[in-house]
Every structure is written in C-alpha cells, then in structure tokens.
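Quick note on numbering: UniProt numbering labels position 25 of the sequence shown as 25, and the sequence is numbered without any gaps. Here is the structure we will look at, set down as structure tokens.
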Amino acid sequence: MKVLFETERIICREFELSDLQSFADYRALPEVSKYQNWSEYGYQDALSLFEDMQRVPFAAVGHWFQLAITTKNLEESQLLGDLAVHFIDEKQIEIGFTFAPDFQGQGFASEAVLGLLTHLFTELKPHRVIATTDAENIPSWLLLERVGFRREAHFIENVFFKGAWGSEFQYAMLASEWRPFVG
Numbered sequence: 001m002k003v004l005f006e007t008e009r010i011i012c013r014e015f016e017l018s019d020l021q022s023f024a025d026y027r028a029l030p031e032v033s034k035y036q037n038w039s040e041y042g043y044q045d046a047l048s049l050f051e052d053m054q055r056v057p058f059a060a061v062g063h064w065f066q067l068a069i070t071t072k073n074l075e076e077s078q079l080l081g082d083l084a085v086h087f088i089d090e091k092q093i094e095i096g097f098t099f100a101p102d103f104q105g106q107g108f109a110s111e112a113v114l115g116l117l118t119h120l121f122t123e124l125k126p127h128r129v130i131a132t133t134d135a136e137n138i139p140s141w142l143l144l145e146r147v148g149f150r151r152e153a154h155f156i157e158n159v160f161f162k163g164a165w166g167s168e169f170q171y172a173m174l175a176s177e178w179r180p181f182v183g
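Have a look at this one:
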C-alpha cells in the first residue's frame, strides 16, 4: 500500500482490492452519481478501474488515477471517498473528488483536497491544477473556492449529460497562487 499523504484525520493512498466493494457501493448511490458521468456503478466497474490503474505508473501523462481516502484509525479504517487525478501533461493536472454521503459535510473532502494540493505542488510541482464541476453542484464548487481555487470559466450548456444540457464551472490554481493551509 503506497501512502501519498496524511493529514490530521485522513490517509490518502493507492486503492487496494479490499476497498473496491465500499467504493462501488457509494458510487452506485443516486445522490453520488447525480453529477458524475455514470448512472450505475458496480463491483465489476470498480475492479476494471483498479486493474487499469495497475497497468501504468502513478503520474503517467494522459492517465486518470483514483486515490483512496480513509480514516487514520488503522484498526477500523473506513473508506471515506476518493480523489481523482488526471495528468494532462507534464505541468498540468486535473483533480476531482467523490465522497460517500455518510462522510460529506464533515470537512473530510476539504482536508483531502488541501492535502492533495500540498502533495502536488510540493512533490510534483505542476504549473497549474484545474477542476471542473457541474454548475448546479453547489457543495463541490463551494469546496473548490474554500480551498483557494479561482473560477476561470462558466460554460453554459456545454455538455449533454444524462438526457439534458448541463453547464459547468472550471476552476484553476497556479503554482504561484498556492498557499499551504495553516491552522
């Protein structure tokens, strides 16, 4: 198990086979999939994603990776959610996040995104990190703003999504704008 980073309450690490059922379970929930590009999600989907990630090294340009976010309590470690990281090119990274409903609204996602940004900007040193969210997904874009992202674009009805046209916000943070969270 490779740990990427730890914060006060969480561990961010590579996925393990034992995570996949919990991962599939929360991704299958309608309230979780509402703003995602899937409508149904099962164990086989999780296993396929896991196997795809095993084929290329982390940070390979052009690839997406999911990272497991778990509680720090190793005796009763729980999968809280996941972070998505897309290595667009050598200097640009896209991120995303999905958390199980039981762990939303408790600061875990903000803590995980801040930890990820710290890891990315201090270890991998990208020029730019971006995130795109549905304009109606208020908790998502509020989190991005809370951790210091700047809204760069509002795309109006730019994506045909689950039978209707949807709008998206794109956020970005440059390395020169990154300020590690203190407090």
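Beta carbons are placed, not taken as given, at the ideal position from N, Cα and C, and that holds for glycine.
* Asked: From Asn-37 to Ile-138, what does the alpha carbon distance come to, in whole angstroms?
  -> 17 angstroms
* **Segment contact, 8 angstroms Cβ cut-off, at least three pairs: the segment 93 to 109 with the segment 41 to 51** => Counting Cβ pairs under 8 angstroms, fewer than three are found: no touch.
* **Sequence-distant residues of its chain with Cβ nearer than 6 angstroms to Glu-90 (five each side left out)** => none
* Asked: Nearest to Phe-87 by alpha carbon, out of Thr-70, Val-56 and Gly-81?
  -> Val-56
* Asked: Distance, Cα to Cα, Arg-179 vs Arg-150?
  -> 13 angstroms
* Roughly how many angstroms separate the alpha carbons of Ile-11 and Val-3, rounded to a whole number? -> 7 angstroms
* To do: Check each candidate in Arg-128, Asn-158 and Trp-165 and name the one with the smallest Cα separation from Ser-176.
  => Arg-128
* Which of helix, strand or coil does DSSP assign to Gly-183? -> For Gly-183, the predicted model reports a pLDDT of 43, less than 50, meaning its position is unreliable; a value from the coordinates is still stated below. Gly-183: coil per DSSP, three-state reduction.
* With a threshold of 16 other CB atoms inside 10 Å of the CB of Asp-52, please say whether the residue is buried or exposed. => For Asp-52, the number of other beta carbons within 10 angstroms of its own is below 16, and it is reported as exposed.
* Asked: Are the beta-carbon atoms belonging to Phe-50 and Phe-15 less than 8 angstroms from one another?
  -> yes
* **Length at least 4, wholly inside the segment 21 to 76: the alpha helix (DSSP H) runs in chain order** => 30 to 33 and 43 to 54
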